[in-house]
Amino acid sequence: MPEDDHLAALVTALRAAGCVFAEDEAELLRQAASDDEELAALLARRVAGEPLEHVVGWAAFDGLRVAVEPGVFVPRRRSEALVAVAAGLVGRGATVLDLCCGSGALGLAVATRVPGVALHAADVDPVAVRVARGNLEPVGGRVHQGDLFGALPAALRRTLDLVVANVPYVPHDELGLMPREARDHEPAVALDGGADGLDLLRRMAAEAAAWLAPGGSLVSEVNPAQVPAASAALAAGGLVVRTVEPEDDDETVVLVGTLPAAGGARS
Ligand SMILES: C[S@@+](CC[C@H](N)C(=O)[O-])C[C@H]1O[C@@H](n2cnc3c(N)ncnc32)[C@H](O)[C@@H]1O
Numbered sequence: 104m105p106e107d108d109h110l111a112a113l114v115t116a117l118r119a120a121g122c123v124f125a126e127d128e129a130e131l132l133r134q135a136a137s138d139d140e141e142l143a144a145l146l147a148r149r150v151a152g153e154p155l156e157h158v159v160g161w162a163a164f165d166g167l168r169v170a171v172e173p174g175v176f177v178p179r180r181r182s183e184a185l186v187a188v189a190a191g192l193v194g195r196g197a198t199v200l201d202l203c204c205g206s207g208a209l210g211l212a213v214a215t216r217v218p219g220v221a222l223h224a225a226d227v228d229p230v231a232v233r234v235a236r237g238n239l240e241p242v243g244g245r246v247h248q249g250d251l252f253g254a255l256p257a258a259l260r261r262t263l264d265l266v267v268a269n270v271p272y273v274p275h276d277e278l279g280l281m282p283r284e285a286r287d288h289e290p291a292v293a294l295d296g297g298a299d300g301l302d303l304l305r306r307m308a309a310e311a312a313a314w315l316a317p318g319g320s321l322v323s324e325v326n327p328a329q330v331p332a333a334s335a336a337l338a339a340g341g342l343v344v345r346t347v348e349p350e351d352d353d354e355t356v357v358l359v360g361t362l363p364a365a366g367g368a369r370s
């Protein structure tokens with residue numbers, strides 16, 4: 104089949120499957136495939152509803168290509184606001200943790216924006232940890248596996264200048280309202296935040312002061328309705344809280360919780 108007809112057939116198949124940006128997706132699938140047989144296999148996966156990022160093996164995030172694969176949360180462009188706020192808080196030499204790191208996209212973006220940070224990341228899911236290692240070890244990052252801060256070596260206590268943490272924050276009863284791509288292809292552990300969506304954030308907030316350096320900050324994101332309860336949780340953890348509302352996104356609020364420079368650390 105001539106090249107143009109080939110592309111047109113791809114676009115038609117993608118459009119029929121409901122892909123809004125069918126032309127762009129067709130081009131990305133074509134770039135990802137090494138031959139026609141592989142292209143047909145990638146197209147079949149996409150038409151069956153897999154996220155494009157899982158199919159092509161990478162996600163665009165903060166100007167980077169971040170490797171992802173089936174079973175790992177696809178980093179959302181809205182989290183670039185969290186990264187921008189976080190990167191403005193630290194400089195060269197800072198110790199940074201990407202907690203609940205998934206692919207490690209947030210940590211990679213911060214380390215790219217702020218060269219010379221000591222980067223750590225952690226996730227409970229072994230698939231995420233393996234993918235994050237692939238993304239972060241080339242830039243000197245160390246990826247730990249385990250439950251929240253429990254994944255970290257004790258030597259990191261009270262040393263973290265910055266924690267970026269896009270924890271799961273979808274209320275359990277709203278999981279069914281998520282797009283099928285997320286419901287069917289991202290693990291529940293990456294999405295489900297419990298009854299009001301803040302189970303993980305509350306646990307993280309309660310432990311954060313023991314791991315932050317004095318003056319260090321934890322930066323997270325929630326939806327606007329969650330701001331009062333999430334802010335209260337960070338404050339109860341000993342952090343001074345402020346919020347940042349991204350200009351181009353009224354569905355996400357960035358929370359910054361800072362450990363006071365003197366006397367705020369807990370054991
Ligand atoms: C919403 S995803 C965010 C991933 C990544 N930070 C991003 O924005 O692309 C949440 C991540 O939290 C991880 N997670 C869930 N519960 C956890 C826990 N108790 N401890 C550590 N990680 C956890 C999931 O495996 C998932 O990778």
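Taking the numbering used here, I'd label the letters of the sequence shown as residues 104 to 370.
For every residue, glycine included, the Cβ atom is placed at its ideal position computed from N, Cα and C.
Assigned secondary structure, residue i (DSSP; H/G/I helix, E/B strand, else coil)
i: F252; result: helix
i: G210; result: helix
i: V169; result: strand
i: L294; result: coil
i: V217; result: coil
i: E53; result: In the structure displayed, the chain extends from 104 to 370; residue 53 sits before or after that span and is not available.
i: P317; result: strand
Exposure of residue i, with buried meaning 16 or more beta-carbon neighbours within 10 Å
i: R149; result: buried
i: Q195; result: It should be noted that the sequence gives Arg, not Gln, for residue 195. Per the 10 Å Cβ criterion, exposed.
i: G279; result: exposed
i: S320; result: buried
i: P327; result: exposed
i: M281; result: exposed
i: F124; result: exposed
i: A162; result: buried
i: S206; result: buried
i: R168; result: exposed
i: D139; result: exposed
Alpha carbon of residue i to alpha carbon of residue j, nearest angstrom
i: E348; j: R181; result: 11 Å
i: V325; j: D108; result: 45 Å
i: S334; j: G249; result: 25 Å
i: V177; j: A316; result: 30 Å
i: L146; j: E310; result: 44 Å
i: A129; j: G121; result: 13 Å
i: S370; j: A313; result: Residue placement at S370 is flagged as unreliable, the pLDDT there being 43, under the threshold of 50; the coordinate-derived value follows with that caveat. Their Cα atoms are separated by approximately 6 Å.
i: A368; j: L259; result: Reliability fails at A368, whose pLDDT of 45 lies under 50, so the model's placement of it is uncertain and no value is given.
Sufficient close CB pairs (3 or more, under 8 Å) joining the region 330-344 to the region 355-364: yes
Inter-stretch contact at 8 Å, needing at least 3 Cβ pairs: the region 232-249 / the region 216-224: yes
Given 8 Å, three or more beta-carbon pairs between the region 203-219 and the region 261-281: yes
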